[in-house]
Amino acid sequence: MKPIWKLQVLFLFAVLNWSFISSQPRYSVLEESEPGSFIGNVVQDLGLNNVGISERGLRLASEKTMEYFALHLESGTLVVKSRIDREKLCGSSTSCMLPVEIIIEKPLELFRLEVEIVDVNDNAPHFHNTDRVIRMTELAAVGSRFPLERAQDSDVGTNAVSAYQLADNQYFSLAVQNRNDDKPVLVLEKALDREEQDGYQLVLTAFDGGNPPKSGTILISIIVLDSNDNPPVFDSAVYKIGLKENSPYNTLVIQLHADDSDEGPNGEISYYYEDQISENIANVFSLDQQTGEICVQGKVDYEHQRSYEISVIARDHGVPEMEGHCIVQVDIEDLNDNAPAITLSSFVSSIPEDTPIGTTVLLFSVKDQDSGKNGEVNVQISPTLPFEIISVQNHYSLITNQLLDRELDDQYTIHLTARDLGLPPLQTEATVDLKITDTNDNPPTFEQLSSGVYLNENNKPGALLYAVSASDRDEAENAQVEYSIHNGFIDGSPISSFVYIDKHNGKIYAQQSFDHEEVQHVEFTVMAEDFGSPKLSSNITIHLYILDENDNYPTILFPQASQHLQSPQIIPKALPAGSLVTKVVAVDADSGYNAWLTYNLTEVSSLDLYKIIPHTGEIKLVRNIQYTDSPLQKLLVLVKDHGNPPKSSTATLLIALDDNVNKQSILSNNIAIIDSGKQRHDLTLYLVISLVAVSAVSAITFLILLTKCIRRRNSFAKCECCCLRQSQSTQYLGHTKTLQLDPNGTLQYFEVSMGSAGQQSQCYQLANTADIDSGTLNIMRSLNFPQLKDLVNKSEDTLPGGYRWKETLQVRKTKHYVFLKQYNILVMRMHL
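Under our numbering, the first residue of the sequence shown is numbered 13, with each subsequent residue one higher.
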C-alpha cells in the first residue's frame, strides 16, 4: 500500500510541474476598462475540457487577482471585475504584468497566466510647481544654460512626456539636457540689458505622446540682476555616488565644492536644494548650507527607492546673487535586510478526518524584496507532519500526504519557515492551525444597551474611560469576541480621533485630552463581533460626557491690556454721585460656577470716590467729585471666577477728572500717583506726632472753655450758646478752618476752632459727612475748603437718641463709622 501512495504523489507532482513548465497564456487589457470587459477564454487557452469544469472547483487563487478579475465558470472566460488603475499598480514601470493563478481542486491543478495592463493616456503632464523664478545677471554670457524643472506624467511609453515647448521670444530658447530622463534647459540666446528690461515672463509647456496629446504648463519668471558677474562653478556638473542601504544617520554621502572667481561677499557661497526638490530626497538627505556636505538623515532603503537624483544650487552672497547648478546621482546598494514575506492566499481551517491524500489544505506565496541570492527562498515544514509542500516558482501549495485520524490528533499546528540564501540568512515563520472538525447561532451580548461615562476635561491622552464586556454562548471560534468602534463623525471629526478601544479586552481609552469648551458630549457605538461564519455581532451605545474644570482665566475684554502707557478715560468733574464712570467687561470660557465672574476694586487713588458693582463690573461715583481730588485716578480691578480653586485677572484703568486735562500732565500725574504710595510709609511717623500735638492743644483749650462756662453758669442768657442754645450759629464762617487731606482729596480729619477778641466762646454744630472709606492720613495743610459748608450743619444740633452737641474737637474715621469725641463730657458714635 505504501509504494502505491508514493507513486500517486510522484505522479501528482509531475503533473503540476508539467502544467507550470508549459507555456503560460498571456492576455492584455486596457486600464480603466469597464467591469465585465472580456479578457480571454482561459479554459480554452489552457486546453481544458468545458464539460463539468464547474464541478471540478475552478477558481482564482489569490485575493489580489480576485480584486480585479472574475472567472465565469460556465464559459470559462476571464473578465474585468473592477476598474484598473495602471499607475496605481505599477507606477512608472514600462511593463505592467499581473500574474493570475487558477486552481482546479478535483484533481488539484494549478495554472498560471499573465494579464498585461495596457496604458491609456489618462494623465496629463504636470510640473511640481506652478511657477519658477530664475535670477540671472545682465552680464550672463550668450549660451548660458539654466536647468528647468522636469514635467511629470504618470503614464508610460508614448503616453509619457515626449516634448517641451517654450513660448516665442528673442532672448531664450529651449534645449534638452542629455540624460536618461531628458530634463529641459533654458538657453540664453541674446545678451540682456537690465536697464532696458529687468524681467521676462515665459511659459514652458510639456506635451505627452498620446492621441490626442495632453499638456501641462509652468510659468518661468526671469529676473535680470545687476553687478556680481561671476556665478559659482561646481567641480563637476554631475556627481555619481554609491551608498549602501541602511546607512546610519549622519553618514557623509558627499561634500560638494564650488568656486567663485569674485572676491568678498560675491565669492562667498552657500548651498541649497533646488525649489522642486522632492519630499523623498528632503526626508532622506540633509544639505549643510555652509560646507556643502550631504549626509543621511532618514532611512535609506533599496527596496523603497534604488536611486536618488539631487539637484543642488551654489549661490554666492553678491548683489545680485549668482547661482551654479549640479546634479548628485546617489545609487543605493542592496543588502540582505529583508526577510521573506509569506502571504496566505487560500486556507482551509478545518477538514474532516477522511480527507483523501493529495487534498490541498493551503495555498500561499513567498516573496523576498532583496535581489540576487538575497532574494532566493527555501520553504520547509516539520517532517513529522502528514503534509508536504509543492512549489512552482514562488507559489506553494500544502497538501496531505497521509491519511488523517482525528482520534489521534484533532488539531495540527503547522509552522511554515521561509529562509533566504543571503549572508547572513534571514527567515520568516508563519503558523497555521488546522482542526480535524458548532453552528454560529448566538451573537455576542452586552448586559445593557447603553451606558453613560463621565470624564473631567484636561484628561491625559490614553486615560481609561470604560470597559465593555460581551459574552457568547457558542464555543471555539464561534465564541471568540472582538471589539471595535463604529466609524462615524462628530462635528466633522472621526470618532477614532476621540476614543479607541482595545479589540481584545473591550477597554475604551481617550485618544486625546478633551476640552469641555469644545466638546461636551461624545456618543459612539461599540460593536462586539464573533469569529463564526457568518459572523454575528451586537452593539452598545456609549455616552461620554465631558465635565468642566476651572482651567480658564477670566479674559478682560475692556479695558484692553497694552504694553505701553494706557490712555486715561476723561470724565467731567461735574458728574454727579451715582453716575456710571466706566465698565469692566470680562468673559470666562468655562461654564457654570467656573464662568461666574465677580469684580472688585483692589487699588484706587481715591478710596471713597468709586465703587464697583460686583456682578456687572460697572464702576460708579460714590460722591461728587471735589476739586481737590487728584486729576488722574488709577483703579485696579480684580476679576475672579467662582471655580475651585478660583482664577482671576486684573485690569488697570486710568481716569482723568477734567475734560481739559493736558495729556502730558496726565502722564506726569500718573507717574506721581504710582510713586505716591512709596511716600506714605515715611509720612506715617510725622502724622502720629502731629495728631498727639493737636490732641494735647485741644484738651487744654477744652479745659479753659469748660472753666469759663462753670464761672458763668448763673448767667443763663449769656451762656446759652455753650450748652442749651437751640438756635443756629452763623458766626463760624470767619474763623480758622483746618482740614487734613490725603493726596487724592479724601477728607480724613478736621478741626474747627472758633473765637474772637472780646468773646469767650462760640457755639457751633457739626453735620454728618459724606461716606468715608478707610485710608491713611498723609498730608496736613490749611485750606479755605468750599465743601466746609457741607461739613458744618447749619440746622438742628439735636442728635438721634436725645444727645446734643457741644464743642467737638476731633473727628476720627474708621472703616464704617466716624467717631465724635468730647473730652470728659460725652463719647458717642454715629453710623455714616
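Glycine is no exception: its CB is placed at the ideal position from the N, C-alpha and C atoms.
Would you grab the beta carbon distance between Ile52 and Pro37 for me? Rounded to a whole angstrom, and I think it's under 8 Å.
Locating residue 52 in the sequence shown gives position 40, counting from the first residue. Locating residue 37 in the sequence shown gives position 25, counting from the first residue. Position check: residue 52 holds Gly in this sequence, whereas Ile was assumed. Contact holds; Cβ gap of about 7 Å.
Under 8 Å: do the stretch 623 to 639 and the stretch 579 to 590 share three or more Cβ pairs, one atom per stretch?
By the Cβ rule, the stretch 623 to 639 counts as touching the stretch 579 to 590, because three or more pairs are nearer than 8 Å.
At which residues does the beta strand (DSSP E) containing Ala479 begin and terminate?
Here residue 479 refers to the residue found at position 467 when the sequence shown is read from its first residue. Segment 476 to 479, the beta strand (DSSP E) holding Ala479.
Comparing alpha-carbon positions, which option in Tyr478, Gln213, Val651, Gln392 lies nearest Ser233?
Taking the sequence shown and counting its residues from 1, the one referred to as residue 233 is at position 221. When C-alpha distances from Ser233 are compared across Tyr478, Gln213, Val651, Gln392, the shortest belongs to Gln213.
Please name the residue in Ile363, Asp445, Asp432 whose C-alpha comes closest to that of Gln392.
Residue mapping note: residue 392 aligns to position 380 of the sequence shown, counting from 1. Comparing Cα-Cα distances from Gln392 to each of Ile363, Asp445, Asp432, the minimum goes to Asp432.
Go ahead and label Leu237 buried or exposed: buried means 16 or more other beta carbons lie within 10 angstroms of its beta carbon, across all protein chains shown.
For this step, residue 237 is matched to residue 225 along the sequence shown. Leu237 should be labelled buried.
Nearest residue (CA-CA) to Tyr495, options Gly155, Ala479, Ile116:
As a first step, residue 495 is located in the sequence shown; it is residue number 483 there, counting from the start. Between Tyr495 and the set Gly155, Ala479, Ile116, the nearest pair of CA atoms involves Ala479.
Neighbourhood of Leu559 by C-beta distance below 8 Å, restricted to the same chain and skipping five residues each side:
Taking the sequence shown and counting its residues from 1, the one referred to as residue 559 is at position 547. By the criterion of a C-beta distance shorter than 8 Å, Leu559 is surrounded in its chain by Tyr466, Leu467, Asn468, Glu469, His528, once the five residues flanking it on both sides are discounted.
Own chain, CB closer than 6 Å to Pro119, minus 5 neighbours either side, in chain order:
The sequence position of residue 119 within the sequence shown is 107, counting from 1. Nothing meets the Cβ criterion.
Count the CB pairs spanning the stretch 367 to 378 and the stretch 309 to 324 that are closer than 8 Å, and state whether there are at least three.
The stretch 367 to 378 makes no contact with the stretch 309 to 324: fewer than 3 CB pairs, one atom from each, lie closer than 8 Å.
Neighbourhood of His498 by C-beta distance below 8 Å, restricted to the same chain and skipping five residues each side:
Start at 1 with the first residue of the sequence shown, and residue 498 comes out as number 486. Ile507, Phe536, Thr537, Val538, Met539, Asn551.
Alpha carbon to alpha carbon, what distance is there between Gly434 and Val145?
By 1-based counting over the sequence shown, the position of residue 145 is 133. By 1-based counting over the sequence shown, the position of residue 434 is 422. Distance between the alpha carbons of Val145 and Gly434: 49 Å.
Boundaries of the alpha helix (DSSP H) in which Ile393 is found, first to last residue:
Indexing the sequence shown from 1 puts residue 393 at position 381. Per DSSP, Ile393 lies in no alpha helix (DSSP H) and is assigned neither H nor E.
For Asn471, which residues from the same chain have a beta carbon less than 7 Å from its beta carbon, with the 5 sequence-adjacent residues on both sides left out?
The count along the sequence shown starts at 1 and reaches residue 471 at position 459. Within the same chain, Asn471 has close Cβ partners Ala522, Ser525, Phe526.
Just the C-alpha distance for Asn413 and Asn406, rounded to the nearest angstrom, thanks.
Translated into the one-based positions of the sequence shown, residue 413 becomes position 401. Translated into the one-based positions of the sequence shown, residue 406 becomes position 394. C-alpha separation (whole angstroms): 21 Å.
Alpha helix (DSSP H) segment containing Val78, residue limits
For the purposes of this step, residue 78 is identified with residue 66 of the sequence shown, where counting begins at 1. Before going on, a small fix: residue 78 reads as Met here, not Val. Note, Met78: alpha helix (DSSP H), 75 to 80.
So, helix, strand or coil for Ile722, using DSSP?
To locate residue 722, count along the sequence shown from 1; it is residue 710. Looking at Ile722 - three-state DSSP - the assignment turns out to be helix.
Applying the criterion that 16 or more other CB atoms from any shown protein chain within 10 Å of the CB defines a buried residue, is Asn135 buried or exposed?
Against the sequence shown, residue 135 aligns to sequence position 123. Result: buried.
Given a threshold of 16 other Cβ atoms within 10 Å of its Cβ, counted over all protein chains shown, does Asp382 qualify as buried or as exposed?
The count along the sequence shown starts at 1 and reaches residue 382 at position 370. Note on Asp382: 16 or more other CB atoms within 10 angstroms of its CB, so buried under the neighbour-count rule.
Mind checking who Arg327 pairs with in its DSSP beta bridge?
Counting from one through the sequence shown, the residue named residue 327 turns up at place 315. Per DSSP, the beta bridge partners of Arg327 are Ser282, Glu335.
Roughly how many angstroms lie between the CA atoms of Glu335 and Pro277, to the nearest whole one?
For the purposes of this step, residue 335 is identified with residue 323 of the sequence shown, where counting begins at 1. For the purposes of this step, residue 277 is identified with residue 265 of the sequence shown, where counting begins at 1. For Glu335 and Pro277, the distance between alpha carbons rounds to 14 Å.
Answer yes if the stretch 209 to 227 comes into contact with the stretch 243 to 262, meaning at least three C-beta pairs across the two stretches below 8 Å, and no otherwise.
With a cut-off of 8 Å, the stretch 209 to 227 and the stretch 243 to 262 do not count as touching, because too few Cβ pairs lie within range.
Inter-residue CB distance, Glu86 and Ser66 (contact presumed, cutoff 8 Å)
Along the sequence shown, one-based indexing puts residue 86 at 74. Along the sequence shown, one-based indexing puts residue 66 at 54. Contact holds; Cβ gap of about 7 Å.
Need the endpoints of the alpha helix (DSSP H) that Ala179 sits in, please.
For the purposes of this step, residue 179 is taken as residue 167 along the sequence shown, with counting starting at 1. For Ala179, no alpha helix (DSSP H) run applies, since DSSP gives it neither H nor E.
Apply the 10 Å Cβ neighbour rule to Pro244 and answer buried if 16 or more other Cβ atoms are within range, or exposed otherwise.
The count along the sequence shown starts at 1 and reaches residue 244 at position 232. The residue in question, Pro244, is buried, as its Cβ has 16 or more Cβ neighbours within 10 Å.
Do Ala73 and Leu375 have their beta-carbon atoms positioned less than 8 Å apart in this structure?
Taking the first residue of the sequence shown as 1, we reach residue 375 at position 363. Taking the first residue of the sequence shown as 1, we reach residue 73 at position 61. Yes.
Range of the contiguous alpha helix (DSSP H) that encloses Glu99
By 1-based counting over the sequence shown, the position of residue 99 is 87. Per DSSP, Glu99 belongs to the alpha helix (DSSP H) from 98 to 102.
Whole-angstrom distance between Gln439 and Leu410, CA atom to CA atom
Taking the first residue of the sequence shown as position 1, residue 410 is located at position 398. Taking the first residue of the sequence shown as position 1, residue 439 is located at position 427. In this structure, the CA atom of Leu410 is about 19 Å from the CA atom of Gln439.
Along the beta strand (DSSP E) that carries Asn292, what are the first and last residues, could you check?
Counting from one through the sequence shown, the residue named residue 292 turns up at place 280. Per DSSP, Asn292 belongs to no beta strand (DSSP E); it is in the alpha helix (DSSP H), 291 to 296.
Quick one: what's got a C-beta closer than 8 Å to Thr142's C-beta in the same chain, skipping five residues either side?
If you number the sequence shown from 1, residue 142 lands on position 130. Cβ neighbours of Thr142 beyond the five flanking positions: Ile230, Leu231.
Report the rounded CA-to-CA distance for Gln288 versus Ile322, giving the unit in angstroms.
Mapped onto the sequence shown, residue 288 falls at position 276. Mapped onto the sequence shown, residue 322 falls at position 310. Straight across, the Cα-Cα distance linking Gln288 with Ile322 is about 10 Å.
Could you pull out every unbroken beta strand (DSSP E) segment of at least 3 residues lying fully inside the stretch 390 to 450, listed in chain order?
Qualifying beta strand (DSSP E) stretches, in chain order: 399 to 404, 407 to 412, 423 to 432, 439 to 447.
Euclidean distance between Cα positions of Gly387 and Glu79:
As a working mapping, residue 387 is identified with position 375 in the sequence shown. As a working mapping, residue 79 is identified with position 67 in the sequence shown. C-alpha separation (whole angstroms): 27 Å.
I need the boundaries of the beta strand (DSSP E) containing Asp220, first residue and last residue.
Counted from its first residue, the sequence shown places residue 220 at position 208. For Asp220, the uninterrupted beta strand (DSSP E) run begins and ends at 211 to 220, by DSSP.
Straight-line gap, Thr372 to Leu90 (C-alpha atoms, nearest Å)
Your numbering for residue 372 matches position 360 in the sequence shown. Your numbering for residue 90 matches position 78 in the sequence shown. Roughly 23 Å separates the two Cα atoms.
When burial is assigned at 16 or more other CB atoms within 10 Å of the CB, is Tyr314 buried or exposed?
As a first step, residue 314 must be located in the sequence shown, where it is residue number 302. By the neighbour-count rule (16 or more Cβ atoms within 10 Å), Tyr314 is buried.
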